[in-house]
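**Q**
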Amino acid sequence: MAKRHTHTCPIAGVLNIFGDNWTWLVIREAFYGATRFSEIQRNTGIAKNVLSDRLDVLVNEGILAREDVGENGTRYAYRLTAKGESLHPVLLALHQWGNEHVYGPGNEPVLLLERATGKPLQPLAPTSRNGRRLTRADILTRPGPGASKATVRRLAEADASLA
Numbered sequence: 001m002a003k004r005h006t007h008t009c010p011i012a013g014v015l016n017i018f019g020d021n022w023t024w025l026v027i028r029e030a031f032y033g034a035t036r037f038s039e040i041q042r043n044t045g046i047a048k049n050v051l052s053d054r055l056d057v058l059v060n061e062g063i064l065a066r067e068d069v070g071e072n073g074t075r076y077a078y079r080l081t082a083k084g085e086s087l088h089p090v091l092l093a094l095h096q097w098g099n100e101h102v103y104g105p106g107n108e109p110v111l112l113l114e115r116a117t118g119k120p121l122q123p124l125a126p127t128s129r130n131g132r133r134l135t136r137a138d139i140l141t142r143p144g145p146g147a148s149k150a151t152v153r154r155l156a157e158a159d160a161s162l163a
């Protein structure tokens with residue numbers, strides 16, 4: 001059964017999970033291969049109590065899996081689940097946007113390169129089923145089966161303002 005959410009907006013739902021910078025930095029570390037509490041804490045500078053809370057949320061949401069790897073006592077490793085791995089394009093988009101708009105060309109702190117060629121990745125963008133790049137004007141936003149009456153009303157207002 002799907003979880004109940006207070007908002008019927010996918011962006012609000014995501015922000016309920018990832019609404020602070022620490023959570024995204026924990027996800028970044030997971031993609032960089034960090035699996036241990038101490039590694040994540042060292043690489044982010046996050047306070048231990050905050051990290052513990054963020055890891056609990058990510059485990060409870062099924063984004064990370066907690067594995068007991070302790071030989072003498074309890075020690076955990078945190079690994080991305082399939083749900084967590086599906087965040088890869090989101091993380092890449094944030095990375096590319098940050099390089100371009102926060103640091104600017106020629107000042108990128110971390111580059112994204114294709115392993116096989118060493119060339120920079122193309123900017124992520126929505127594409128049609130035939131591969132044509134889509135602009136914001138090409139994309140319709142419609143209520144889904146889980147939309148509330150308020151969401152239906154808001155999307156109708158947005159559609160009318162764009163017409």
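full-length UniProt numbering puts the first residue of the sequence shown at 1, with every later residue one more than the last.
Glycine included, every Cβ here is placed at the ideal spot set by N, Cα and C.
What residues in its chain sit with their C-beta under 7 Å from that of L155, if we drop five residues either side in the sequence?
**A** Taking the first residue of the sequence shown as 1, we reach residue 155 at position 155. Here the set comprises T141, R142 and P143.
**Q** Per DSSP, L113 forms a beta bridge with which residues?
**A** What you label residue 113 is simply residue 113 of the sequence shown in a count that begins at 1. Beta-bridge pairing links L113 to P120.
**Q** By DSSP's criteria, D68 is part of a beta bridge. Which residues make up the other side?
**A** As a first step, residue 68 is located in the sequence shown; it is residue number 68 there, counting from the start. Answer is Y76, bridged to D68.
**Q** Residues in the same chain with beta-carbon distance under 7 Å from L91, minus the five sequence neighbours each way, listed in chain order, please.
**A** For the purposes of this step, residue 91 is taken as residue 91 along the sequence shown, with counting starting at 1. Once the five neighbours on either side are set aside, the close Cβ partners of L91 are I27, R28 and F31.
**Q** Go ahead and label N99 buried or exposed: buried means 16 or more other beta carbons lie within 10 angstroms of its beta carbon, across all protein chains shown.
**A** Mapped onto the sequence shown, residue 99 falls at position 99. Buried, by the Cβ-count rule.
**Q** For R28, name the three-state secondary structure that DSSP assigns.
**A** Locating residue 28 in the sequence shown gives position 28, where the first residue counts as 1. DSSP places R28 in helix when its eight states are reduced to three.
**Q** Spatial neighbours of S52 within its chain, please: CB distance less than 6 Å, with the 5 preceding and 5 following residues excluded, ordered by chain position.
**A** Position 52 of the sequence shown, counted from the start, is the residue given in the question as residue 52. No residues qualify anywhere along the chain.
**Q** Taking the continuous alpha helix (DSSP H) assigned at S161, which residues delimit it?
**A** Within the sequence shown, residue 161 is the residue found at index 161, counting from 1. Per DSSP, S161 belongs to the alpha helix (DSSP H) from K149 to L162.
**Q** Write down the C-beta distance between A35 and A65 rounded to the nearest angstrom, noting that I regard them as a contact closer than 8 Å.
**A** As a first step, residue 35 is located in the sequence shown; it is residue number 35 there, counting from the start. As a first step, residue 65 is located in the sequence shown; it is residue number 65 there, counting from the start. Contrary to the premise, residue 35 reads as Thr rather than Ala in this sequence. Not really, about 10 Å apart at Cβ, beyond 8 Å.
**Q** Determine the extent of the alpha helix (DSSP H) in which D53 is found, giving its start and end residues.
**A** Stepping through the sequence shown from its first residue, residue 53 is reached at position 53. That run of the alpha helix (DSSP H) goes K48 to N60.
**Q** Name the DSSP bridge partner or partners of T127?
**A** Taking the sequence shown and counting its residues from 1, the one referred to as residue 127 is at position 127. Partner(s): R133.
**Q** Of the choices F18, L134 and L112, whose alpha-carbon is the least far from that of N60?
**A** For the purposes of this step, residue 60 is identified with residue 60 of the sequence shown, where counting begins at 1. Nearest option by C-alpha distance: F18.
**Q** Quick one, are the C-beta atoms of R54 and T23 less than 8 Å apart?
**A** One-based indexing of the sequence shown puts residue 54 at position 54. One-based indexing of the sequence shown puts residue 23 at position 23. Yes.
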